[in-house]
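Undergrad: Protein chains in written order, with our numbering: chain G, -7 to 360; chain H, 24 to 339.
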Amino acid sequence: MKQFISFIKKEFYHILRDKRTMFILLGMPVVQIIIFGFALTNEVKNARIAILDQSNDAATHSIRAEIEASRYFEIKKYLHSYKEIEKAFQSGQISLVVVFPQRFEQDLLHFNKAQVQLIADASDPNVATTLTNYASAIINDYQNRITNNRKLPYTINTEMRMLYNPQLKGAYSFVPGVMAMVLMLVCTMMTAITIVREKETGTMEIMLVSPIKPLKIVVAKAVPYLLLSIINITSILLLSVFVLDVPIRGNLALLVFESILFTLTCLAFGLLISSSTASQQIAMFISLVGMFLPTVMLSGFMFPIENMPVPLRVVSNIVPAKWFYYIIKEVMIKGLGFAAVWKETLVLVGMLAFLLALSIKKFKIRLA
Amino acid sequence: MKAGNYIPGNGGVTVNNIVKKYGAKKETIQALRGVSFEVNRGELFGIIGPDGAGKTSLFRILTTLLLPDGGSAAVDGLDVVKDFKEIRKRVGYMPGRFSLYQDLTVAENLEFFATIFNTSIEENYELVKDIYSQIEPFKDRRAGKLSGGMKQKLALSCALIHRPSVLFLDEPTTGVDAVSRKEFWDMLGRLKMQGITILVSTPYMDEASLCDRVALIQNGEILAINTPQGVIDSFDKTLLAVKSRRMLPLLEDLKAFEGAEDAYPFGEYHHVVLRPGITDTHAMSYLSQKGYEDVQVQLITPNIEDCFMARMAKIY
């Protein structure tokens, strides 16, 4: 036991004395949360648009006013002819043009029918879709208001409710994603590097010619990073609750338990990498390609898994972050209990046991 | 020889026809080609050889870090393959490269190695006091910031802190200044007094005379095992030391001399090993014939380096 504690103490010296690395480890989650929270977001706000109003009547004015009033749009320009539309898009400042044809209000009142054209810059298809949807919604609102007085023979009213995230905030989905990413980086990459570093500097050579057991070395290496991860989990949760207003609806203890389980899985993966590689570069490369990329691509955090072709969907099942991301979403955002996530938890436990057994088995008790 | 034949705890080292190969089938490098020797308890045994001779491979096999491809070996009476766990508890090993934690202080390193060997600095302080007291004034300094000589002292302290029965030192004096080397060997002499068996490898032939016995190793083969005096006594050739103002052409001419078996630079002289029946007078007349006016020729008694040079040139 004294051996073990002394080893952990030594690991802490390594971490605490390498100030730059420690700063990155503790600062990264904070920076990522802030970047994702305020800079990188797929919500569209204040998109600059142009209006080509060939009718200039009461109806178009009031639609224009509503567009102007919404927080999604900012009317940048009023165009005077079709020719100017192309130019407006080419200037790069405009992402949507709303075109009202001549006699808009007259058509609306006399023929009960009028047309509005929405022209969007679809070089970014997601933004284009979002903008046209927002604009149609505003126009529909207007239509509903003027038809309110009259009875239409058949109407189907769609009524939408966005559960768990009524404001459709991006933060609700990226907080779990960032958690998965940060824990993966800290645990997998750092543990992979730390054992390989001992091989490179030759200290592993002395360590092997000593009575200390491989299991003790491996576990002692993991403990400091587990503690660091708990600090990171705490800072991510604090930031998301108090800065991004993402609530923790589920049980906090369950959330922390699941996070620690995922951390351990990542640690085991890092240990496996370090047992099978000989240089820090290779260890770093494998942890990036083997863990970081799948975490970003296949966990469902950036791209929805449901849209992927079958082979990718199958592969995504072996990415621990996919299961963790799902669990965190269910517990943190939806507020579900253990009963809802026990299957996913079991998958993570299985992965942990497998990786840990493999990494201890592969730990080399000799050189080469 | 089977593992069962070893007597545990005899404090010695037995090496029996050890073979080690590296690389895949097509391009194998034979690092050790059937090495055998014995080291007695409390002996200071030197393994002398140039870089690439197989010294490190041999040490790694004896410290259980590598598996031999053939032969057997025992350390302190324990088989290096079968009883590796037990051996790891009782040997001290100092690798050729400085392998302590550079970001830990001197005291932290020593304390760490004491605890992983289930002991404490206090328990064995007597053993390392002699060495450690010299670096103790710097005990709060990071190991990476020590000078070469101090690093060696710290590494030796760490290898000794658990009072090993056999101590393996792989090129401990490489890259260390002359004064520190001298001190280091003095320390080894004192450790020997404590009954610790010491195996030390070195590329410096002048250090051979400080060992009880030495083995000369080259290309994975042992060329000779003897006491330093025994090595010198077995050398039965005539040896000359030659000096002139023009040393470079002199060496060329000495090598071309038919009566010389070998000629090599040695400090400010060139040493020449003469063929049987050739005397210094023959050499003198050869050199004056070549036009060396100021040449000095002396008959000398060989030192251990001369013997090794001759061994490695395979002339006796």
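Heads up, the beta-carbon is just placed ideally off N, CA and C, and yes, glycines get one too.
Here's the rule: buried if 16 or more other CB atoms are within 10 angstroms of the residue's CB, otherwise exposed. What is G/Asn104?
TA: exposed
Undergrad: Which residues in chain G sit within 8 Å of H/Ile139, going by Cβ to Cβ distance?
TA: Gln(-5), Ser(-2), Phe(-1), Met199, Ser202, Pro203, Ile204
Undergrad: Taking the straight line between their C-alpha atoms, what separation do you get for G/Ile310 and G/Phe166?
TA: Using only the alpha carbons, I get a separation of about 21 Å.
Undergrad: Residues bridged to H/Thr220 by DSSP?
TA: H/Val189
Undergrad: Determine the extent of the beta strand (DSSP E) in which H/Arg236 is found, giving its start and end residues.
TA: 236 to 241
Undergrad: What residue does the alpha helix (DSSP H) around H/Phe107 start on, and which one ends it?
TA: 107 to 113
Undergrad: Apply the 10 Å Cβ neighbour rule to G/Glu197 and answer buried if 16 or more other Cβ atoms are within range, or exposed otherwise.
TA: buried
Undergrad: Comparing C-alpha positions only, which one of G/Leu231, G/Lys321, G/Ser128 sits nearest to G/Met20?
TA: For G/Met20, the nearest C-alpha among the options comes from G/Leu231.
Undergrad: Can you name, in chain order, every residue of its own chain whose Cβ lies under 8 Å from the Cβ of G/Glu97, other than the five neighbours on each side?
TA: Ser47, Asp49, Ala50, Ala51, Thr52, Ala106
Undergrad: So G/Tyr359 contacts chain H; which residues on that side make the cut at Cβ distance below 9 Å?
TA: Correcting the residue identity first, residue 359 of chain G is Leu in this sequence and not Tyr. Arg83, Leu88, Leu89, listed in chain order.
Undergrad: Whole angstroms are fine: how far does the CA of H/Asp193 sit from the CA of H/Lys25?
TA: Bear in mind that the predicted position of H/Lys25 carries a pLDDT of just 41, short of 50, making it unreliable; the figure below should be weighed with that in mind. Looking at the two C-alpha atoms, the distance is approximately 27 Å.
Undergrad: Determine which residues share a DSSP beta bridge with G/Tyr70 and list them.
TA: G/Ile43
Undergrad: Along the chain, where does the beta strand (DSSP E) that runs through G/Ser268 open and close?
TA: G/Ser268 -> not in any beta strand (DSSP E); alpha helix (DSSP H) instead, spanning 244 to 268.
Undergrad: Counting only Cβ-Cβ distances shorter than 8 Å, please list the residues of the region 231 to 259 of chain H near chain G, keeping chain order.
TA: none
Undergrad: What residue range does the beta strand (DSSP E) around G/Ile111 cover?
TA: 109 to 112
Undergrad: Considering only the alpha carbon of each residue, which of G/Met294, G/Pro203, G/Ser221, G/Ala129 lies closest to H/Asn141?
TA: G/Pro203
Undergrad: Counting only C-beta atoms, is G/Ala217 closer than 8 Å to chain H at any point?
TA: The amino acid occupying residue 217 of chain G in the given sequence is Tyr; Ala does not appear at that position. No, G/Tyr217 does not count as interfacial toward chain H.
Undergrad: Where H/Met173 and H/Phe121 are concerned, what is the direct C-alpha to C-alpha distance, given to the nearest angstrom?
TA: Approximately 11 Å, taken between the alpha carbons.
Undergrad: Checking 8 Å against the spacing of the C-beta atoms, do H/Gly57 and H/Asn40 come in under that value?
TA: yes
Undergrad: Against chain H, with Cβ distances strictly below 8 Å, would G/Lys353 count as a contact?
TA: no
Undergrad: Starting from G/Lys2, follow the alpha helix (DSSP H) in both directions and report where the run begins and ends.
TA: -6 to 9
Undergrad: May I ask you to list the residues that DSSP assigns as paired with G/Phe92?
TA: G/Asp45
Undergrad: Since H/Phe289 sits in a beta bridge, which residues does DSSP pair it with?
TA: H/Tyr292
Undergrad: Look at the Cβ atom of G/Ile86, then the Cβ atom of G/Lys75, and state whether they are nearer than 8 Å.
TA: no
Undergrad: Is H/Ala26 helix, strand or coil when you go by DSSP?
TA: Residue placement at H/Ala26 is poorly supported in this model, since its pLDDT is 40, which falls under 50; the coordinates are not used for a value here.
Undergrad: At a Cβ cut of 7 Å, what residues of the region 181 to 197 of chain G count as close to chain H, listed as they run along the chain?
TA: Thr193, Gly194, Thr195, Glu197
Undergrad: Cβ of H/Ile248 within 8 Å of Cβ of H/Phe60?
TA: yes
Undergrad: Should H/Glu131 go down as buried or exposed, given a rule of 16 or more other Cβ atoms within 10 Å for buried?
TA: The residue in question, H/Glu131, is buried, as its Cβ has 16 or more Cβ neighbours within 10 Å.
Undergrad: Under 8 Å between the Cβ atoms of G/Ala114 and G/Val90?
TA: no
Undergrad: Runs of 3 residues minimum, wholly inside the region 274 to 337 of chain H: which ones carry the beta strand (DSSP E) assignment?
TA: 283 to 289, 292 to 297, 319 to 323
Undergrad: Figure out for me which residue from G/Thr195, G/Val174, G/Met343 has the closest Cα to the Cα of G/Leu17.
TA: G/Val174
Undergrad: Name the one or two DSSP bridge partners that H/Phe140 has.
TA: Paired residue(s): none; H/Phe140 is not in a bridge.
Undergrad: Do G/Val281 and G/Ile228 have their C-beta atoms within less than 8 Å of each other?
TA: no
Undergrad: Determine which residues of the region 288 to 308 of chain G have a Cβ less than 9 Å from any Cβ of chain H, and write them out in chain order.
TA: none
Undergrad: Distance cutoff 8 Å, beta carbons only. Does G/Tyr164 sit that close to anything in chain H?
TA: no
Undergrad: Give me whichever residues DSSP pairs with H/Ala97 in a beta bridge.
TA: H/Thr37, H/Asp102
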